[in-house]
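2 protein chains.
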Amino acid sequence: MSPKRKPTEQPDHKQTRLKTTTIFKNRDGLGDYIKNPESFPPSVVLYYNDDFVAVHDRYPKSSLHILLLPRDRSKSCLHPFDAFEDTQFLAKVREEIKKLRRVAAAELRRMYGKSSVQEETRREAMDEDPPPDELPEGRDWQSELLCGIHASPSMNNLHIHIISVDRYSPCLKHRKHYNSFATPFFIDLADFPLADDDVRRHPGREGYMQRDLKCWRCGMNFGNKFTRLKDHLEQEYEKWKVL
Amino acid sequence: MSPKRKPTEQPDHKQTRLKTTTIFKNRDGLGDYIKNPESFPPSVVLYYNDDFVAVHDRYPKSSLHILLLPRDRSKSCLHPFDAFEDTQFLAKVREEIKKLRRVAAAELRRMYGKSSVQEETRREAMDEDPPPDELPEGRDWQSELLCGIHASPSMNNLHIHIISVDRYSPCLKHRKHYNSFATPFFIDLADFPLADDDVRRHPGREGYMQRDLKCWRCGMNFGNKFTRLKDHLEQEYEKWKVL
DNA sequence: TATTCCGATAGTGAC
DNA sequence: GTCACTATCGGAATGAG
Numbered sequence: 002m003s004p005k006r007k008p009t010e011q012p013d014h015k016q017t018r019l020k021t022t023t024i025f026k027n028r029d030g031l032g033d034y035i036k037n038p039e040s041f042p043p044s045v046v047l048y049y050n051d052d053f054v055a056v057h058d059r060y061p062k063s064s065l066h067i068l069l070l071p072r073d074r075s076k077s078c079l080h081p082f083d084a085f086e087d088t089q090f091l092a093k094v095r096e097e098i099k100k101l102r103r104v105a106a107a108e109l110r111r112m113y114g115k116s117s118v119q120e121e122t123r124r125e126a127m128d129e130d131p132p133p134d135e136l137p138e139g140r141d142w143q144s145e146l147l148c149g150i151h152a153s154p155s156m157n158n159l160h161i162h163i164i165s166v167d168r169y170s171p172c173l174k175h176r177k178h179y180n181s182f183a184t185p186f187f188i189d190l191a192d193f194p195l196a197d198d199d200v201r202r203h204p205g206r207e208g209y210m211q212r213d214l215k216c217w218r219c220g221m222n223f224g225n226k227f228t229r230l231k232d233h234l235e236q237e238y239e240k241w242k243v244l
Numbered sequence: 002m003s004p005k006r007k008p009t010e011q012p013d014h015k016q017t018r019l020k021t022t023t024i025f026k027n028r029d030g031l032g033d034y035i036k037n038p039e040s041f042p043p044s045v046v047l048y049y050n051d052d053f054v055a056v057h058d059r060y061p062k063s064s065l066h067i068l069l070l071p072r073d074r075s076k077s078c079l080h081p082f083d084a085f086e087d088t089q090f091l092a093k094v095r096e097e098i099k100k101l102r103r104v105a106a107a108e109l110r111r112m113y114g115k116s117s118v119q120e121e122t123r124r125e126a127m128d129e130d131p132p133p134d135e136l137p138e139g140r141d142w143q144s145e146l147l148c149g150i151h152a153s154p155s156m157n158n159l160h161i162h163i164i165s166v167d168r169y170s171p172c173l174k175h176r177k178h179y180n181s182f183a184t185p186f187f188i189d190l191a192d193f194p195l196a197d198d199d200v201r202r203h204p205g206r207e208g209y210m211q212r213d214l215k216c217w218r219c220g221m222n223f224g225n226k227f228t229r230l231k232d233h234l235e236q237e238y239e240k241w242k243v244l
């Protein structure tokens with residue numbers, strides 16, 4: 002009955018900005034972290050400094066899901082497409098992400114190292130008495146991480162996601178949750194700055210969120226059967242974590 | 002993903018017949034009534050004779066919802082459009098419905114007579130000692146009944162609905178329930194035999210079930226808001242029954 | 001357009 | 001595309017010795 006809104010020529014993210022003003026406090030839920038990082042327990046805030054806060058996502062969409070929040074208010078209020086136009090800022094974020102990836106990788110080792118076969122020789126070396134000067138590398142946990150942003154963020158404060166690849170979490174509850182981390186809607190930080198004609202600037206037009214559900218690991222297509230995807234993700238998770 | 006089935010030139014009810022063969026026992030749920038009416042308690046079977054069984058609908062869509070079931074197997078297995086081509090049969094059904102309407106009206110009087118203002122003088126007369134020879138007519142409960150069939154029945158045994166106009170029942174659970182008794186999908190028995198070009202022969206094409214929800218009493222349009230219609234129907238019911 | 005169960009889809013409201 | 005809640009919409013199974 003209500004006709005579809007005719008798309009305009011404006012990039013998607015500009016339209017979104019206009020619609021999501023600060024009347025919605027719920028979309029400003031990350032603001033407290035950058036204003037008062039010290040008020041949160043270590044289980045929530047991994048660390049903070051003058052320029053960044055790293056927090057565990059309150060509704061993680063993978064078994065590990067961290068957010069890096071730039072504290073600069075003049076950047077935090079921008080869409081990532083615009084914020085990362087500033088190459089100096091982008092470089093600074095990349096520097097911090099480089100550190101945070103090591104932190105996140107260490108977290109994955111803590112979570113899964115005991116059961117991962119690729120950690121076996123490292124585990125054995127650590128158990129030696131005395132341990133050797135140099136430990137085997139073990140599993141490359143950094144390669145199990147994704148770092149990037151959503152083409153159309155719903156939280157107003159600029160945030161960069163660092164998630165493990167598993168997409169296994171009770172908070173992942175519907176198709177858009179999954180597709181926001183499993184389609185070009187998720188843009189790797191390495192892809193910035195974005196070309197002017199990059200199609201990912203128009204996530205709505207491209208229909209990323211409505212795409213068929215496809216397993217990140219084996220590519221199996223689940224159409225719109227989210228529940229079946231969820232079952233499958235659990236199976237893939239169990240296999241992935243012990244590699 | 003699955004393309005819409007192309008409609009054929011066949012009338013809707015012929016197509017339906019082909020699809021709903023007797024492999025679906027659930028669509029033959031009325032068969033026991035005409036085979037063994039004596040095996041049901043009076044709370045289920047109002048009465049039966051050699052040719053008809055009158056039962057309370059197991060899932061009533063109004064506060065009173067009765068089905069008249071012709072027992073003749075050669076008619077019971079037909080679509081009502083075809084069964085009522087036989088004018089002699091149609092006449093016999095009409096005769097029975099005439100009786101059943103009186104039974105149903107008496108039932109409505111039993112249900113609502115005590116609270117209906119139009120029954121007031123009749124109630125007072127009955128309470129006199131001795132009662133007068135002739136009671137006031139009271140409310141015309143027959144005018145609160147609808148008698149007819151569905152343009153595309155889902156139960157295979159031929160059945161004629163006798164329902165009170167209120168459409169107030171916990172079993173009325175979705176749009177199609179309501180629209181099957183509030184659009185031309187419901188065809189009054191008086192309208193038979195149907196003209197060859199009667200549009201109601203093509204209920205699917207006409208989209209009766211997908212129509213906006215409109216109150217039978219005040220005409221208010223509820224679009225697809227079934228729950229709001231339900232609330233409204235309760236209000237209308239409370240006003241209607243005390244008229 | 002039989003019911004029932006399950007699940008996918010859609011709109012809202014949140015201060 | 002934040003969550004959480006409600007409700008609408010959509011498919012599949014339904015029995016049976």
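So the protein lines, in turn, are chains A and B. In terms of the working numbering, the first sequence opens at residue 2 and continues consecutively. In terms of the working numbering, the second sequence opens at residue 2 and continues consecutively. The beta-carbon is built from N, C-alpha and C at its ideal position, and this holds for glycine as well. Owing to the predicted nature of the structure, the values given are computational and were not obtained by experimental measurement.
{"Asked": "Using 10 angstroms around the beta-carbon of V200/B, count the other beta-carbons present and answer buried if the total reaches 16, otherwise exposed.", "Found": "exposed"}
{"Asked": "Mind listing, in chain order, the continuous beta strand (DSSP E) runs of no fewer than 3 residues lying wholly within the stretch 48–115 of chain B?", "Found": "53–57, 66–71"}
{"Asked": "Just to confirm the assignment, what range does the alpha helix (DSSP H) spanning L230/A have?", "Found": "227–242"}
{"Asked": "Should the stretch 221–238 of chain A be called in touch with the stretch 118–136 of chain A, which here means at least 3 C-beta pairs below 8 Å?", "Found": "no"}
{"Asked": "I'd like the ranges of any alpha helix (DSSP H) spanning at least 4 consecutive residues and lying wholly in the stretch 146–199 of chain B.", "Found": "176–180"}
{"Asked": "Please identify the residue among Q211/A, Q236/A, G205/A, R212/A whose C-alpha is closest to the C-alpha of R218/A.", "Found": "Q236/A"}
{"Asked": "When we look at the beta-carbon of E108/B and count the other beta-carbons within 10 Å, is it buried (16 or more) or exposed?", "Found": "buried"}
{"Asked": "Do you know offhand how far Y49/A's Cα is from D33/A's?", "Found": "13 Å"}
{"Asked": "Counting pairs of Cβ atoms below 8 Å between the stretch 139–159 of chain A and the stretch 58–76 of chain A, do you hit three or more?", "Found": "yes"}
{"Asked": "Using a Cβ-Cβ cut-off of 8 Å (strictly less than) and excluding sequence neighbours within five positions of L136/A, which residues of its own chain qualify?", "Found": "R123, A126, M127"}
{"Asked": "Measuring straight from C-alpha to C-alpha, what distance separates Y169/B and A191/B?", "Found": "24 Å"}
{"Asked": "Can you name, in chain order, every residue of its own chain whose Cβ lies under 7 Å from the Cβ of W241/B, other than the five neighbours on each side?", "Found": "D167, R218"}
{"Asked": "Taking the C-alpha atoms as reference points, what is the distance between A92/A and F41/A?", "Found": "27 Å"}
{"Asked": "Does the distance from the C-beta atom of L146/A to that of A84/A stay below 8 Å?", "Found": "no"}
{"Asked": "Thinking just about the alpha-carbon of each residue, which of E121/B, D52/B, I163/B is nearest to the one in D189/B?", "Found": "I163/B"}
{"Asked": "Expressed to the nearest angstrom, what Euclidean distance is found between the alpha-carbon atoms of A55/A and E39/A?", "Found": "12 Å"}
{"Asked": "Assuming F204/B is part of the alpha helix (DSSP H), what are its boundary residues?", "Found": "Reading the sequence as shown, one finds Pro at residue 204/B and not Phe. P204/B -> alpha helix (DSSP H) spans 204–207."}
{"Asked": "Please state whether the Cβ-Cβ distance between S64/A and V243/A is less than 8 Å.", "Found": "no"}
{"Asked": "Between E97/A and F53/A, which are expected to be in contact by the criterion C-beta below 8 Å, what is the C-beta distance as a whole number of angstroms?", "Found": "5 Å"}
{"Asked": "By how many angstroms is the C-alpha of H151/A removed from the C-alpha of Y238/A?", "Found": "23 Å"}
{"Asked": "What are the start and end residues of the alpha helix (DSSP H) that includes K36/B?", "Found": "32–36"}
{"Asked": "Closest to K100/B by C-alpha separation, out of L47/B, K231/B, P154/B, would be which residue?", "Found": "L47/B"}
{"Asked": "Starting from M221/B, trace the alpha helix (DSSP H) both ways and give me its first and last residue.", "Found": "Careful: M221/B lies outside any alpha helix (DSSP H) and carries neither H nor E."}
{"Asked": "Between the Cα of T88/A and those of P194/A, R229/A, R202/A, G220/A, spot the shortest distance and give me the residue it belongs to.", "Found": "P194/A"}
{"Asked": "For C172/B versus P61/B, is the C-beta distance shorter than 8 Å?", "Found": "yes"}
{"Asked": "Shortest alpha-carbon distance to S165/B belongs to which of D232/B, A183/B, P154/B?", "Found": "A183/B"}
{"Asked": "On the DSSP bridge list, what partners appear for K26/A?", "Found": "According to DSSP, K26/A bridges with nothing at all."}
{"Asked": "Might you give, ordered along the chain, the residues of its own chain that have their beta carbon closer than 6 Å to the beta carbon of R110/A, omitting 5 neighbours on each side?", "Found": "W142"}
{"Asked": "To which residues of the same chain is M210/B closer than 8 Å at the C-beta, ignoring the five residues directly before and after it?", "Found": "R176, K177, N180, S181, T184, F186, P204"}
{"Asked": "Exposed or buried, what is V118/A when buried is set at 16 or more other beta-carbons lying within 10 Å of its beta-carbon?", "Found": "exposed"}
{"Asked": "Under DSSP, the alpha helix (DSSP H) around E121/A begins and ends at which residues?", "Found": "121–128"}
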